[in-house]
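Here the structure is laid out as structure tokens; the discussion comes afterwards.
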Amino acid sequence: MITLYDYDLSGNCYKVRLLLALLGVSYQRHPIDFYPGREHKSPWFLALNPLGQLPVLEDDGLVLRDAQAILVYLASMYDSSGRWYPAGEPALLGVISSWLMFADAITGTASAARLHDGFFYDFDIERCRSGAHRLFRILDEHLWFSERSAQGWLAPGANPSIADIAVYPYVQLSEEGGIARRDYPAIRRWLDRVKLLPGFVTMPGILSLPVHA
Amino acid sequence: MSGAEDIDRRRWFALCSREDLPATHIFETDLLGQELAVWRGPGGIVNVWVNRCPHRGIRLTVGAIMGAELRCAYHGYRYTNGSGACSAVPAQPGRAAPRSLCVKSYPVLEAGGLIWTRLADPEPAAGPPLDGTGDFTPLYGLAVKSRPAEVAIHLAGYRFRPSAALAAPETADESCSTVQIDAYGFQSVARKGRLTSEVYLFLQPVDAQTTNIHGVLCEVPDGQRLEAALRHHAQLFGRLRDACERGVRDRAP
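Quick mapping for you: the protein sequence lines, in order, are chains C and U. For the first sequence, this note's numbering assigns the number 131 to the initial residue and increments by one for each residue that follows. For the second sequence, this note's numbering assigns the number -11 to the initial residue and increments by one for each residue that follows.
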């Protein structure tokens, strides 16, 4: 049985829960008291992940840290369709990896702004927000062109990939860090598309959309 | 409110392109500081509504489209395509919706591939500078953190290349001229020999810090030419935005 060391309000934990739900893979959650308990910095957790970060995934003796790495593993291991991380297509894998790095940059800006506003982290909030807006501009233009040339996902082709799942949460949660999305219409449409994926699940702060609409 | 702002509230402004309104999506924008929720309902009807639920004031853009209604995310109140009238209150299933409850909506026009609205009456004599006929390709539009007058200065110098010439390097015989139609509109024509392309550029005063640029190409290039033309203008818009925002920063105290 897969174990996810998890925190409800973490977007990086949520993206793992989201992919597990989309793949229909069952797992058990081990809740970590991230705030205010700082359990992710406790000795027992540091033994599991020396970086002291969530999420961590355990599967059949394998211990994996970093949300993006976990997405790669889960899609490679459990997606029989091969669509979420297409192993046989090197160019596509390269593109997907570049968006996984982009997701990390989103974590360093939009997620950091949310940690500042909601969890009282001592970050330079203006720097976090302006950094997020810089990334959102790039994302918006990319998605606008993707809507015209393909199906409007981050990587080319007809199907969403783990790139979309990796980037989605902290973009959707950006308003909790004071980062409005009004100026990014293509991003807003893409957020709707993710919400309409079969098997989509929410987290606190994210509303679902009616699928039948 | 000054006279100029009063006139601005009466005139037609471009808000977005027709492609910005896919089924079941609620588009979010501001015009002159007024928050708007824009969506296309059954029958092709475009709704431009005040972005507030008249019940408890939550933004309608966090709601959802359910057939011919927009459902508020907070208490599920539903508002009708075309009229904005409340049609259902889920907490009171047996009772008719209150007749007085209605989302304020604004007039809508579709012209030149864009969606236009105005905030106040009376309707001005002048409609949008583009009519509904002809082939138009909406360009990638973007938000500039600057005031319309600042953006207008940069747009007046807009220089682009004809769509059919983009596959080859630029040559000395190419030219482009841009004229200002009014305070918020520009027309630009690029030439190379017998090849010409024409674009219209419109400014949307969003809020005190933000101006949106909406562009339309007056042709529908095929295949790769379309992609090249869209990329060409997106790149030029991006540069224009950067130059404009650099100007704003440089003048800041």
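Note that CB positions come from ideal geometry on N, CA and C, so glycine has one too.
**OP:** Please name the residues in the region -6 to 27 of chain U whose beta-carbon is closer than 8 Å to at least one beta-carbon of chain C, in chain order.
**Re:** Flagged, chain order: C4, E7, D8, P10, T12, H13, F15, E16, T17 and D18.
**OP:** Tell me, please, whether the CB atom of E306 (chain C) is closer than 8 Å to any CB atom in chain U?
**Re:** At least 8 Å separates the CB of E306 (chain C) from every CB of chain U.
Subject >> Start-end ranges of the beta strand (DSSP E) lying completely within the region -7 to 55 of chain U, minimum 3 residues >> reply: As far as the region -7 to 55 of chain U is concerned, its whole beta strand (DSSP E) runs of at least 3 residues are 1 to 5, 15 to 19, 22 to 28, 34 to 38 and 52 to 54.
Subject >> Residue of U:G(-9), U:N35 and U:A(-8) minimising C-alpha distance to C268 (chain U) >> reply: Here chain U has residues from -11 to 241 only, and residue 268 (chain U) is not among them.
Original post:
If you draw a straight line from the alpha carbon of A171 (chain U) to that of I141 (chain U), how long is it in whole angstroms?
Top reply: For A171 (chain U) and I141 (chain U), the distance between alpha carbons rounds to 11 Å.
**OP:** Using a Cβ-Cβ cut-off of less than 7 Å, list which residues of the region 288 to 316 of chain C approach chain U; keep chain order.
**Re:** Residues R312, D313 and P315.
Original post:
Under a Cβ-count criterion, where at least 16 other Cβ atoms within 10 Å of its own Cβ denotes burial, should P185 (chain C) be classed as buried or exposed?
Top reply: P185 (chain C) comes out buried.
Subject >> Contact under 8 Å by Cβ, A296 (chain C) with A205 (chain C) >> reply: Contact annotation: A296 (chain C) and A205 (chain C) have beta-carbon atoms that are not nearer than 8 Å.
**OP:** May I ask you to report which of helix, strand or coil DSSP gives E271 (chain C)?
**Re:** Three-state DSSP puts E271 (chain C) in a helix.
Subject >> Close-in-space but distant-in-sequence residues of the same chain around L19 (chain U) (CB under 8 Å, 5 per side omitted) >> reply: Excluding residues within five positions, the ones whose Cβ falls inside 8 Å are F1, L3, T105, L107, Q192, P193 and V194.
Original post:
Could you check where the alpha helix (DSSP H) with A309 (chain C) kicks off and where it finishes?
Top reply: Before going on, a small fix: residue 309 (chain C) reads as Ile here, not Ala. First-last for I309 (chain C): undefined, no H or E at that position.
**OP:** State the Cα-Cα distance for the pair C41 (chain U) and V91 (chain U), rounded to the nearest angstrom.
**Re:** In a straight line, the C-alpha of C41 (chain U) is about 7 Å away from that of V91 (chain U).
**OP:** State the Cα-Cα distance for the pair R47 (chain U) and D270 (chain C), rounded to the nearest angstrom.
**Re:** Rounded to whole angstroms, R47 (chain U) to D270 (chain C) spans 22 Å at the Cα level.
**OP:** Could you pull out every unbroken alpha helix (DSSP H) segment of at least 4 residues lying fully inside the region 170 to 227 of chain C, listed in chain order?
**Re:** Restricting attention to alpha helix (DSSP H) runs no shorter than 4 residues, the region 170 to 227 of chain C encloses them at 173 to 178 and 197 to 208, ordered along the chain.
Subject >> Contact with chain U by A343 (chain C), beta-carbon distance below 8 Å >> reply: Low confidence applies here, because A343 (chain C) scores a pLDDT of 47, under 50, leaving its location unreliable and the question unanswered by this model.
Original post:
Hey, R87 (chain U) and Y62 (chain U): beta-carbon distance below 8 Å or not?
Top reply: Not closer than 8 Å, so no.
**OP:** Can you give me, in chain order, the residues of the region 267 to 285 of chain C that have a beta carbon less than 9 Å from any beta carbon in chain U?
**Re:** Of all residues in the region 267 to 285 of chain C, only R267, D270, E271, W274, F275, E277, R278 and S279 place a beta-carbon less than 9 Å from a beta-carbon of chain U.
Original post:
For chain C, is any of its Cβ atoms less than 8 Å away from the one on A153 (chain U)?
Top reply: It does not; no Cβ of chain C falls within 8 Å.
Original post:
In three-state terms, what does DSSP make of L327 (chain C)?
Top reply: Here L327 (chain C) sits in coil by DSSP.
**OP:** Leaving aside the five residues before and after G173 (chain U) along the sequence, list all residues of the same chain whose C-beta is less than 8 Å from its C-beta, in chain order.
**Re:** Excluding positions up to five away in sequence, the list reads P117, Y188, L189, F190 and L191.
Subject >> Contact list for P340 (chain C) against chain U, beta-carbon separation under 7 Å >> reply: By Cβ distance, chain U contributes A52 and M54.
**OP:** For R319 (chain C), decide whether its Cβ has a neighbour in chain U, counting only Cβ atoms nearer than 8 Å.
**Re:** Chain U, which has a Cβ nearer than 8 Å to the Cβ of R319 (chain C), makes this yes.
**OP:** Report the rounded CA-to-CA distance for P10 (chain U) versus R28 (chain U), giving the unit in angstroms.
**Re:** Rounded to whole angstroms, P10 (chain U) to R28 (chain U) spans 7 Å at the Cα level.
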